[in-house]
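Peer 1: If you're matching them up, the sequences are chains V and G in order. The first sequence begins at 162 in the numbering used here and counts up by one. The second sequence begins at 315 in the numbering used here and counts up by one.
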Amino acid sequence: MKTLVIIPAKDEQRKIERVVKEIVQNGWPVLVVDDGSQDDTALAAKAAKAAVISHPLNRGQGAALKTGIDYAIIHGFSQVVFFDADGQMMAAEIAKVAAPLSDGYEVALGSRFMGQAKSIPRLKLLTLKLALYFTRLNTGLKLSDTHNGFQAWQISALKKINLTQDRQAYASQLLQEISRHKLKFKEVPVTIFYTDYSKGKGQSVFNAFNILWDLIIKK
Amino acid sequence: MLIQLILVAVILMFIGRLVGQFRNQKISGWEFIGWNIIWLGAIIIILFPDITSFLAIKVGVTRGVDLVIYVSIILVFYLLFKMLMRIENIEKDITKLCRQIALRDENKDN
């Protein structure tokens, strides 16, 4: 089983090198999709021995992941793991997240509420809980966490779905597609760190409204 | 009335620009004709507002002005919707392009 770790990154020059190094040390091949960064994200990622491809313009996290998936297909990988560039996730947990794929699952979803969410801001917690109910309403999936970027997918499952959302709404779209195609999935507890850096880099809670808008307006 | 003159003058300006765009081939013949019909219709309504009152009573609205406003709002919403869809498609195309460039330039040093 060839597994590729895909990291979409925009302006993550400060963190990306360490994030990639840790994953490489854990023995995984890494692809960084540089999503129109203005800084030296691509160089930093290359220095840490990641494969790097670059969007000439910023197209959003969903778009970058899709590009990474296309890369994985072209290069004959059979599984991919989605990972964040900002140091919120633990490279040591990649094996754990990817493990269900070897047990016949098509998708494994990281859950910070089964695992540990370290110093999560309260407003963020509220938004995530609301998103849970929205997901339940929208897809019928009963999850303990949603919009967790730490996921593992069989390429064969990704080939079934059509990822059209370029920005953050892609996370909801992935869940909708899991539901629509009745993909066999499993939640895996993961640790998410809320550092000052990630809080500053991450999306604002108000972005939830943008996500809803994208989901309603676009298909 | 003065308002009629002002409105007609403004619309004639629009039509003037339309002719320019058509000459420079920025819009197609059909677009040119379509917009002309809309603007000429507007001039007729401005000069002879009673026409709308006649139509308004026919369709069951009491005042001609009301009918014009209803129709205009519907038109504006329709155009807005079309523009949104168009922008959306353009965004998707840009993403596709970026993706192709990224995958094509995979081995180039950037």
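C-beta: ideal position from N, C-alpha, C; glycine also.
Suppose the cutoff is 7 angstroms on Cβ atoms and the five residues either side in sequence are ignored; what does the same chain contact list for F346 (chain G) look like?
Peer 2: Same-chain partners within the cutoff: L332 and F336.
Peer 1: Kindly identify the DSSP beta-bridge partner or partners of D196 (chain V).
Peer 2: Partner(s): V:H216.
Peer 1: Output, in chain order, the set of chain G residues within a Cβ distance shorter than 8 angstroms of T228 (chain V).
Peer 2: Result: C412, R413, A416 and L417.
Peer 1: Look at the alpha carbon of G221 (chain V) and the alpha carbon of L398 (chain G), and state the distance between them as a whole number of angstroms.
Peer 2: Each residue's Cα considered, the two are about 19 angstroms apart.
Peer 1: For chain G, check one thing: does any of its Cβ atoms lie closer than 8 angstroms to the Cβ of I167 (chain V)?
Peer 2: False, the Cβ-Cβ gap to chain G never drops below 8 angstroms.
Peer 1: Which class does I281 (chain V) belong to by DSSP, given the choice of helix, strand or coil?
Peer 2: I281 (chain V) falls in the coil class under three-state DSSP.
Peer 1: According to DSSP, is G229 (chain V) helix, strand or coil?
Peer 2: Helix.
Peer 1: Rounded C-beta distance between Q318 (chain G) and L361 (chain G)? I'm assuming under 8 angstroms.
Peer 2: At roughly 6 angstroms, the Cβ-Cβ gap stays under 8 angstroms, so Q318 (chain G) and L361 (chain G) are in contact.
Peer 1: What in chain V is Cβ-close to I401 (chain G), meaning under 8 angstroms?
Peer 2: Per Cβ cutoff of 8 angstroms: no residues; I401 (chain G) is ~10 angstroms from chain V at best.
Peer 1: Nearest CA to the CA of F354 (chain V): which residue from V:H308, V:S340, V:K279 and V:Q312?
Peer 2: Of V:H308, V:S340, V:K279 and V:Q312, the residue nearest in Cα terms is V:K279.
Peer 1: Spatial neighbours of D245 (chain V) within its chain, please: CB distance less than 6 angstroms, with the 5 preceding and 5 following residues excluded, ordered by chain position.
Peer 2: So the list reads G310, once near-sequence residues are dropped.
Peer 1: Tell me which residues of the segment 223-249 of chain V have at least one Cβ-Cβ distance to chain G shorter than 8 angstroms, keeping chain order.
Peer 2: Listed by position, the residues of the segment 223-249 of chain V near chain G (Cβ gap below 8 angstroms) are A224, K227, T228, D231, Y232 and I235.
Peer 1: From P190 (chain V) to A233 (chain V), what distance separates their C-alpha atoms?
Peer 2: P190 (chain V) and A233 (chain V): Cα-Cα distance of roughly 11 angstroms.
Peer 1: Given L344 (chain V), which residues of its chain have a CB within under 7 angstroms of its CB, disregarding the five upstream and five downstream residues?
Peer 2: Within the same chain, L344 (chain V) has close Cβ partners E267, V268 and A318.
Peer 1: Taking the straight line between their C-alpha atoms, what separation do you get for I408 (chain G) and A224 (chain V)?
Peer 2: When rounded, the distance between both Cα atoms is 11 angstroms.
Peer 1: For H216 (chain V), count neighbouring C-beta atoms within 10 Å of its own C-beta (all shown protein chains included) and say buried if the count is 16 or more, exposed if not.
Peer 2: Label assigned to H216 (chain V): buried.
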